[in-house]
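Enquirer: I have a structure I would like to understand better, so I am pasting it below and will then ask my questions one at a time.
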Amino acid sequence: MKNLLSNAVIAAISVGIAASQQTFFPNELQSGDVHVDFASTSPDDPRLNPGPNATTYDWWYFDAVSTSSNESISVVFLMASSTAFPSSDTGGPMSVIVSGSFANGSAFSHTIPASDGALIIESEDKHEIDGAWGGANASFGGRGLDSNETSFKVILNSPKYGVYGSLSLRSTLPSRYPCGLNAPGAEQQVLPGVGWSNPQPDASAIAHFKLGDAALNFSGSGYHDKNWGSVPFTQAVGSWHWGHARIGPYSVVWIDARSPTGDTHRSGFVSKNGTVLLSSCASDSVGVTTWGDRLANSTSGLLVEFGLTDGGHLTMNITTSVMIVNSPFYLRYLGVASGRVGDEFQLDGVASLDAFKFSVSS
C-alpha cells in the first residue's frame, strides 16, 4: 500500500529532480517517538523523522498579496494533527489549507485533506525541493535554494473543492532563521520548541487561480516560510504576532511572541533595495503595539517598530483592510501599511499578517 500511495503522490509532482532522495509521509500519525530537527542548514528540509505524531508538526507556508487591490492568497502544506496544531481534523495529519481574498474584499478558506499522504523529494545537494500532498492534488517546487535567487511554484488542482491554479515566487533576498541569515549553527527556534525558517522574506509574486466561478489573477508581494515544533503549538505559544510587508524600497518581516509563561521572543528583518539592514532576534529588533478591542487587540491595526543595526528605526503603522480568518484564537488579515525611516516619510505599501492568542500568565 505504501508503494501505491507513494506512486500516486509522485505523479502529482510535475517537474522531477534528477539526483534525489525521497521521503514519503503516510496520512497517519506515528505512534512512537519522533526526532525533531533543529539543526539542518537547509531551511526547507522536512523536520520530523519518521513523521508527525500527536504532539509534533511541520508545515510549509506560501503567500502573495496584490500591491494594487484586495487580492491575496496563502497556501499551507500541513503535517499536523489537531492536537499538535489547532486546525481542522481531516482524518489524518496531511492537509492543504488555502485562504485569501478577492478584489472586492470577500474572503475564502478551504482545508483540503491529503488522504494519499505527502512526498518530499530533495536533490542530494539540498539546492532543489519538490513536495506533493496526494489526494489534495497540491504540490510545490523550489529551485536555487543555495542562492539569493530562490524560486518556488505552488500548483493546486482540486476539483472537489473547485480550487485550481498556480503561484510563482521569485526572491532576490537570502534565506534566514530567527536570529540571522542562514549559516551553520544558526539558532532555529523562535520560541522554545518552535522552529522557524524564512527561505523567502520577500518575493515577486504572480498568482493565477480559479476558485469556483471566481478568478484570482494578480501580481504583487510574495513570501515563504516554514514552521515546525517538538511540542503542541498551544503549549509553546501564548500569543503571537507575525507579518511581512513591503513599503517603498523596504521589505520587512516580524515575529513578536510570548510563551504561556509570559517570556517575550522576537525576530525582525529589514532590507532596502535587496540589501539586508537587519536580521536579528534581539529584544530591541522589533516590537508590536496593537490597537483595537478584540483578539490580541489587533483587528483594527497595529504599530510595528524595528531597531536597525545602525541605530536608526523603521516605524510602520498598519490599518486592517481585509479580514480573512477571524476566530476566537486566530486572525489572518491584510493591512495597508505606512511608515518612515529617519527623514524618509510617506513610505506606503501592503502587509500580510496573522495573530494567535491562547493563554499568557501575567
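71 is the number that the numbering used here gives to position 70 of the sequence shown; each next residue is one higher, with no gaps.
Beta carbons: idealized from backbone N, C-alpha and C, even for Gly.
As the structure is a prediction and not an experimental result, all values here were calculated from the model.
Between the stretch 22–37 and the stretch 113–127, do three or more beta carbon pairs fall short of 8 Å?
Expert: At 8 Å Cβ cutoff, the stretches touch.
Enquirer: Just reading off the alpha helix (DSSP H) that T291 is part of, what are its end residues?
Expert: Unbroken run through T291 is the beta strand (DSSP E), 287–292; no alpha helix (DSSP H).
Enquirer: Determine the DSSP secondary structure at F63, reduced to helix, strand or coil.
Expert: F63: strand per DSSP, three-state reduction.
Enquirer: Can you say whether E29 is buried or exposed, counting buried as having 16 or more other CB atoms within 10 angstroms of its CB?
Expert: Flag for E29 reads exposed.
Enquirer: With a floor of 3 residues, list each beta strand (DSSP E) that falls wholly inside the stretch 73–154, ordered by position along the chain.
Expert: Listed in chain order, they are 73–80, 95–102, 108–114, 118–124, 130–135, 139–144.
Enquirer: With distances taken from CA atoms, which of Y58, S280, G132 is nearest P369?
Expert: Look at the range of the chain in this structure, 2 to 363, and you will see that residue 369 is not part of it.
Enquirer: Roughly how many whole angstroms lie between the Cα atoms of V232 and W60?
Expert: Each residue's alpha carbon lies about 14 Å from the other.
Enquirer: Hey, out of Q236, I248, V254, whose CA is closest to H242's CA?
Expert: Of the listed residues, the one whose Cα sits closest to H242 is V254.
Enquirer: Check whether the Cβ atoms of V66 and S222 sit closer than 8 Å, and answer yes or no.
Expert: Yes, these two residues count as a Cβ contact at 8 Å.
Enquirer: Let's test the definition: count the other Cβ atoms within 10 Å of the Cβ of E129 and tell me whether it reaches 16, buried, or not, exposed.
Expert: Classification of E129: buried, given that the 10 Å Cβ count is 16 or more.
Enquirer: Using 10 angstroms around the beta-carbon of A283, count the other beta-carbons present and answer buried if the total reaches 16, otherwise exposed.
Expert: Burial call: exposed.
Enquirer: Rounded to the nearest angstrom, what separates A356 and T310 at their Cα positions?
Expert: Cα to Cα, the separation comes out at about 26 Å.
Enquirer: Among all the DSSP beta bridges, which residues are the ones paired with A215?
Expert: Paired residue(s): L212.
Enquirer: Count the other CB atoms within 10 Å of the CB of F367; is the residue buried (16 or more) or exposed (fewer)?
Expert: Because the chain is modelled from 2 through 363, residue 367 falls outside the range shown and cannot be assessed.
Enquirer: Could you tell me the alpha carbon to alpha carbon distance between T235 and S83, rounded to whole angstroms?
Expert: So the two alpha carbons sit approximately 11 Å from each other.
Enquirer: With DSSP collapsed to three states, give me the class of A40.
Expert: A40: coil per DSSP, three-state reduction.
Enquirer: Indicate the three-state DSSP secondary structure (helix, strand or coil) for Q236 in the structure shown.
Expert: Here Q236 sits in helix by DSSP.
Enquirer: With distances taken between CB atoms, is the gap from S159 to A137 smaller than 8 Å?
Expert: Their beta carbons are under 8 Å apart, which means S159 touches A137 by this criterion.
Enquirer: Nearest to L168 by CA position, among H266, L79, A204, is which residue?
Expert: Checking every option, the nearest Cα to that of L168 belongs to A204.
Enquirer: Is A184 buried or exposed, if buried means 16 or more other CB atoms sit within 10 Å of its CB?
Expert: The residue in question, A184, is exposed, as its Cβ has fewer than 16 Cβ neighbours within 10 Å.
Enquirer: Going by DSSP in three states, Y162 sits in which element: helix, strand or coil?
Expert: Coil, per DSSP.
Enquirer: Which residue's Cα is closest to the Cα of R177: T290, Y334, Q190, D90?
Expert: Among T290, Y334, Q190, D90, the Cα nearest to that of R177 is on Q190.
Enquirer: Taking the C-alpha atoms as reference points, what is the distance between L348 and G92?
Expert: If you take the alpha carbons of L348 and G92, they lie about 46 Å apart.
Enquirer: Going by CA-CA distance only, name the one from R247, A81, T291, L146 that's closest to D45.
Expert: If we check each option's Cα against that of D45, L146 comes out closest.
Enquirer: Given that a residue counts as buried once 16 or more other Cβ atoms are within 10 Å of its Cβ, and exposed if not, what is N71?
Expert: N71 comes out buried.
Enquirer: For a test of your reading of the model: does the CB of R144 fall under 7 Å from any non-hydrogen atom of the ligand MG? Yes or no.
Expert: In the structure shown, the ligand MG is absent, as is every other ligand, since no ligand is present at all.
Enquirer: Roughly how many angstroms lie between the CA atoms of A216 and F210, to the nearest whole one?
Expert: So the two alpha carbons sit approximately 6 Å from each other.
Enquirer: Assuming F270 contacts F153 under a Cβ cut-off of 8 Å, what Cβ separation, rounded to an integer in Å, is found between them?
Expert: At roughly 18 Å, the Cβ-Cβ gap does not stay under 8 Å, so F270 and F153 are not in contact.
Enquirer: When we look at the beta-carbon of S328 and count the other beta-carbons within 10 Å, is it buried (16 or more) or exposed?
Expert: Result: exposed.
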